[in-house]
Amino acid sequence: MKSKAQNPKSKIPDADSGMNLSVQIGKLKLQNPVMVASGTFGYGVEYAQLLDLNQLGAVVVKGIRLHPVRGNPTPRTVEVTSGLINAIGLQGPGVDGFIKKYWPFLKKLKVPTIINIWGTTVEEYADVARRFDALGGVGALELNVSCPNIKEGGSQFGTDLKLLAQVVAACRKVTKLPLITKMSPNVVSIAPFAKAAEEAGSDALSIMNSYPAMAIDIETRKPKLANVTGGLTGPCIKPIAVKLVWEAAQAVKIPIIGMGGIQNAADAIEFLVAGAAAVAVGTANFYEPRTALQVIAGISDFMRKHGLKEVREIVGSVQTGK
Amino acid sequence: MLAGPMLEQTVQIVSNERDTDSYFRLVLRAPQIAPLIQPGQFAHIRVLPLQEALLRRPFSIFQVEGDTFSILYKTVGKGTGALARMGAGEELSVIAPLGHGFTVPKHGGETPLLVAGGYGMAAMYLLAQRSPQKGIAFVGGRKRIDILCEKEFQALGWNVRVTTEDGSHGAKGLVTKPLIAELKRNAKGRKLFACGPTGMLKAVAKIAEEFNVPAELSMDEHMCCGVGVCLTCVIPVKTGDGPQRDGGWEYQRSCTEGPVFDARQVAWEETK
Chain A
976 MKSKAQNPKS
986 KIPDADSGMN
996 LSVQIGKLKL
1006 QNPVMVASGT
1016 FGYGVEYAQL
1026 LDLNQLGAVV
1036 VKGIRLHPVR
1046 GNPTPRTVEV
1056 TSGLINAIGL
1066 QGPGVDGFIK
1076 KYWPFLKKLK
1086 VPTIINIWGT
1096 TVEEYADVAR
1106 RFDALGGVGA
1116 LELNVSCPNI
1126 KEGGSQFGTD
1136 LKLLAQVVAA
1146 CRKVTKLPLI
1156 TKMSPNVVSI
1166 APFAKAAEEA
1176 GSDALSIMNS
1186 YPAMAIDIET
1196 RKPKLANVTG
1206 GLTGPCIKPI
1216 AVKLVWEAAQ
1226 AVKIPIIGMG
1236 GIQNAADAIE
1246 FLVAGAAAVA
1256 VGTANFYEPR
1266 TALQVIAGIS
1276 DFMRKHGLKE
1286 VREIVGSVQT
1296 GK
Chain B
53 MLAGPMLEQT
63 VQIVSNERDT
73 DSYFRLVLRA
83 PQIAPLIQPG
93 QFAHIRVLPL
103 QEALLRRPFS
113 IFQVEGDTFS
123 ILYKTVGKGT
133 GALARMGAGE
143 ELSVIAPLGH
153 GFTVPKHGGE
163 TPLLVAGGYG
173 MAAMYLLAQR
183 SPQKGIAFVG
193 GRKRIDILCE
203 KEFQALGWNV
213 RVTTEDGSHG
223 AKGLVTKPLI
233 AELKRNAKGR
243 KLFACGPTGM
253 LKAVAKIAEE
263 FNVPAELSMD
273 EHMCCGVGVC
283 LTCVIPVKTG
293 DGPQRDGGWE
303 YQRSCTEGPV
313 FDARQVAWEE
323 TK
């Protein structure tokens, strides 16, 4: 992975400044702490013309289960004030379709690919994990236990301590790949869930997935999404996500990848200060595809301004007075 | 399907003026984008001053002239409202050209019959301009002010047939009425190209089937990313090799596999 982290064409401004932006997620080393969030970046190839993917910390692909998934009826998304509600329903090509159609492109990238996986049963999660373990060259697996738009599977696993532990443990058993558990925000307290994932063998946590939400057309009195409800993302959820990262960071030792409404470097740094070891840009990819690269450059500027050599120095530096 | 060449650029507004009673014409200077544009493609535009509405707005590309391209738009919400307040010299962020457009008829090929619902006419201007065969453009709307680009199509030497639902301009009725009459007269060697509301496209698909003529339809769906990742703009498309392999259809992306689809491919019974 070290060779992957060193990209000769990289224009990341820390190259000769002696600053170190690299971070460690389990045994996975990232050249910088900025990745893209699952479901907002397709399979990477779609954005290849608009930005240099090899400058990212990692590419995280849209959720994949064993079989192809048709997804929900339309309308699937609705823009709301400073946010977006989606109910895509995890449309996807399935493991075989992904390997055939997208893996040849992704495996050539110099930066790691993190595969977001899901299933409708504990066994299916493990089956998918096993398939990607066998594929070779995968950077890490992100366990999606928190999609609010799937009737079976998805968030039922992320909001039940016992099921969450079962999913993580089942995947842990079949692969040595780093496991990142993507957490649901829809729990009373995230600390026990974070601990359950850690204890079951998760190497890191992604915090957070979208927040359950709804929008209604007041003239027709109909929900604006065919699925009635969806998941809220975008800048409006950032303060919720920052709080969850802060809480989880106090509960676990494993690294946290913070995400939720990041639009610029200041947003990303706020997550790092709260306790995230890395961050992911999500909804902003839809409107400014180069956001992640701007965030990387902005973190370097911040480190230079504050005389920091290691990005790690920012992580968890929040002063709560406690 | 992999997308064709696209660029993300900050471009300057050359002009942004009221074109008709209800539409604005926005001209953008984009020397690198303009030569890439194919008929039926769209531009995904971010109105930079708009803070709380995050997303880009997709617009069909109307004309390409030299190093500029233009769009026609109606002020319908926050995005287009903010856009209408911008003027020459101001900047917009554009990702373009996007989407799989119309198949331009070959020399000596089918005679194109264009069917447009209001604003849909703008999306077919480049097709008319680049088609070696001149054909007939059927354009319909509710009222006179919904009829666009009549003069521009006539200037290309096209026969334009206007219908309005209230009879305030052209013949009274739906756009499909003169289309059916024309196909009854002669359907052989003709191909339909349509852009407009889904109801109209569905009707055009049915007419194409009845008269056994090919048809390409530009579907107008809500979009977020415009480049194929968010899966917002999907439409049901028939396929023998779809991911489900159960009903012979799958959701495909209007922004990438479309916006132009072969009418026979759309699984209409699955549309709303």
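First to last, the protein sequences are chains A and B.
Numbering of the first sequence is given in the numbering used here, commencing with residue 976 and proceeding in unit increments.
Numbering of the second sequence is given in the numbering used here, commencing with residue 53 and proceeding in unit increments.
Backbone N, C-alpha and C fix where the C-beta goes; we use that ideal spot for every residue, glycine too.
Inter-residue CB distance, residue i and residue j (contact presumed, cutoff 8 Å)
| i | j | result |
| --- | --- | --- |
| B/Val-191 | B/Leu-135 | Actually they are not in contact, since the Cβ atoms of B/Val-191 and B/Leu-135 sit about 24 Å apart, beyond 8 Å. |
| B/Val-312 | B/Gly-92 | 5 Å |
| A/Ile-1289 | A/Val-1248 | 6 Å |
| A/Glu-1222 | A/Ile-1165 | 5 Å |
| B/Arg-108 | B/Ile-97 | 6 Å |
| A/Phe-1261 | B/Cys-282 | 6 Å |
| A/Pro-1167 | A/Leu-1136 | 6 Å |
| B/Ser-183 | B/Val-156 | 6 Å |
| A/Ile-1229 | A/Met-1010 | The pair is not a contact, with the Cβ atoms about 16 Å apart (cut-off 8 Å). |
| A/Ile-1000 | A/Ala-1252 | 7 Å |
| A/Gly-1205 | A/Ala-1062 | 4 Å |
| B/Ala-55 | B/Gly-280 | 7 Å |
| A/Val-1152 | A/Ala-1179 | The displayed chain sequence assigns Leu, not Val, to residue 1152 of chain A. Not a contact, Cβ separation roughly 12 Å. |
Residue i classed as buried or exposed, judged by whether at least 16 other C-beta atoms fall within 10 angstroms
| i | result |
| --- | --- |
| B/Arg-237 | exposed |
| B/Asp-62 | The amino acid occupying residue 62 of chain B in the given sequence is Thr; Asp does not appear at that position. It is exposed - the Cβ of B/Thr-62 has fewer than 16 other Cβ atoms within 10 Å. |
| A/Thr-1295 | exposed |
| A/Thr-1311 | Not covered by the structure: residue 1311 of chain A. The range shown for chain A is 976 to 1297. |
| B/Gly-294 | Because B/Gly-294 sits at a pLDDT of 49, beneath the cut-off of 50, its placement in the model cannot be relied upon, and the following sentence gives the value as read from the coordinates. Classification for B/Gly-294: buried. |
| A/Glu-1098 | exposed |
| A/Lys-977 | Its pLDDT being 36, under 50, A/Lys-977 is placed unreliably by the model, and the measurement read from it follows with that caveat. It counts as exposed. |
| A/Lys-1157 | buried |
| B/Thr-215 | buried |
| A/Thr-1056 | exposed |
| B/Ala-233 | exposed |
| B/Glu-302 | buried |
| A/Gln-1006 | buried |
| B/Pro-87 | exposed |
| A/Gly-1058 | buried |
| A/Val-1142 | buried |
| B/Glu-261 | exposed |
| A/Arg-1279 | exposed |
| A/Ile-1191 | exposed |
| B/Glu-69 | exposed |
| A/Ile-1193 | exposed |
| A/Gly-1129 | buried |
| B/Arg-368 | An answer regarding residue 368 of chain B cannot be provided, because it is not within the stretch 53 to 324 covered by chain B. |
| A/Pro-1008 | buried |
DSSP bridge partner residues for residue i (one or two, in chain order)
| i | result |
| --- | --- |
| A/Glu-1054 | A/Leu-1059 |
| B/Pro-91 | In the DSSP output, where bridge partners are listed per residue, B/Pro-91 has none listed. |
| A/Met-1234 | A/Ala-1255 |
| B/Cys-247 | B/Ala-168, B/Ser-270 |
| B/His-152 | B/Pro-311 |
| A/Asp-1192 | A/Lys-1197 |
| B/Ser-67 | B/Val-79 |
| A/Ala-1109 | A/Ala-1109 pairs with nothing; no bridge assigned. |
| B/Arg-242 | B/Thr-163 |
| B/His-96 | B/Pro-110, B/Ile-147 |
| A/Lys-1002 | In DSSP, A/Lys-1002 forms no bridge with anything. |
| A/Asn-1091 | A/Glu-1117 |
| B/Ile-188 | B/Leu-165, B/Asn-211 |
| A/Ser-1013 | A/Ser-1013 is not bridged to any residue. |
| B/Trp-301 | B/Lys-290 |
| B/Ser-122 | B/Val-79 |
| A/Thr-1156 | A/Leu-1118, A/Leu-1180 |
Inset, instruction - Determine, using beta-carbon pairs with one atom in the region 1040 to 1059 of chain A and one in the region 268 to 288 of chain B, whether at least three such pairs fall under 8 Å. - result: By the Cβ rule, the region 1040 to 1059 of chain A counts as touching the region 268 to 288 of chain B, because three or more pairs are nearer than 8 Å.
Inset, instruction - Determine contact between the region 162 to 182 of chain B and the region 108 to 118 of chain B, defined as no fewer than three beta-carbon pairs at a distance below 8 Å. - result: Yes: at least three Cβ pairs fall under 8 Å.
Inset, instruction - May I ask you to verify whether the region 279 to 290 of chain B touches the region 252 to 268 of chain B, counting CB pairs closer than 8 Å and requiring at least 3? - result: Taking 8 Å as the limit for Cβ pairs, the verdict is that the region 252 to 268 of chain B does not touch the region 279 to 290 of chain B.
Legend entry - Interface residues of the region 1078 to 1099 of chain A facing chain B [CB-CB below 7 Å]: Result list empty, no residue passes.
Inset, instruction - Check whether the region 1067 to 1083 of chain A touches the region 1210 to 1221 of chain A, taking contact to mean three or more Cβ pairs, one atom from each stretch, closer than 8 Å. - result: Too few Cβ pairs lie closer than 8 Å, so no.
Inset, instruction - Answer yes if the region 1032 to 1039 of chain A comes into contact with the region 1169 to 1176 of chain A, meaning at least three C-beta pairs across the two stretches below 8 Å, and no otherwise. - result: The region 1169 to 1176 of chain A, when compared against the region 1032 to 1039 of chain A, does not touch it at the 8 Å Cβ threshold.
Inset, instruction - Take every Cβ of the region 1260 to 1280 of chain A, pair it with every Cβ of the region 116 to 124 of chain B, and state whether three or more of those distances are shorter than 8 Å. - result: Contact fails: fewer than three Cβ-Cβ distances are below 8 Å.
Inset, instruction - Evaluate contact between the region 1040 to 1049 of chain A and the region 1014 to 1029 of chain A, counting only Cβ atoms and requiring at least three cross-stretch pairs below 8 Å. - result: Too few Cβ pairs lie closer than 8 Å, so no.
Legend entry - Segment contact, 8 Å Cβ cut-off, at least three pairs: the region 243 to 261 of chain B with the region 216 to 230 of chain B: Result yes; three or more Cβ-Cβ pairs closer than 8 Å.
Inset, instruction - Please confirm if the region 203 to 215 of chain B is in contact with the region 133 to 153 of chain B, defined as three or more CB-CB distances below 8 Å between the two stretches. - result: No, because fewer than three Cβ pairs between the region 203 to 215 of chain B and the region 133 to 153 of chain B fall closer than 8 Å, the two stretches do not touch.
Inset, instruction - Anything in the region 1019 to 1033 of chain A with a Cβ closer than 8 Å to a Cβ of chain B? List those residues in chain order, please. - result: Identification of residues in the region 1019 to 1033 of chain A having a C-beta nearer than 8 Å to some C-beta of chain B yields Val-1020, Glu-1021, Tyr-1022, Gln-1024, Leu-1025, given in sequence order.
Legend entry - Residues in the region 1257 to 1289 of chain A having any Cβ partner in chain B nearer than 9 Å: Within the region 1257 to 1289 of chain A, the residues whose Cβ lies closer than 9 Å to some Cβ of chain B are Thr-1258, Ala-1259, Asn-1260, Phe-1261, Tyr-1262, Glu-1263, Pro-1264, Arg-1265, listed in chain order.
Legend entry - Members of the region 137 to 157 of chain B near chain A, C-beta cut-off 8 Å: Listed by position, the residues of the region 137 to 157 of chain B near chain A (Cβ gap below 8 Å) are Ser-145, Ile-147.
Inset, instruction - Return the residues of the region 57 to 68 of chain B that lie within a Cβ-Cβ distance of less than 9 Å from chain A, sorted by chain order. - result: When C-beta distances to chain A are compared with 9 Å, the residues of the region 57 to 68 of chain B below that value are Pro-57, Met-58, Leu-59, Glu-60, in chain order.
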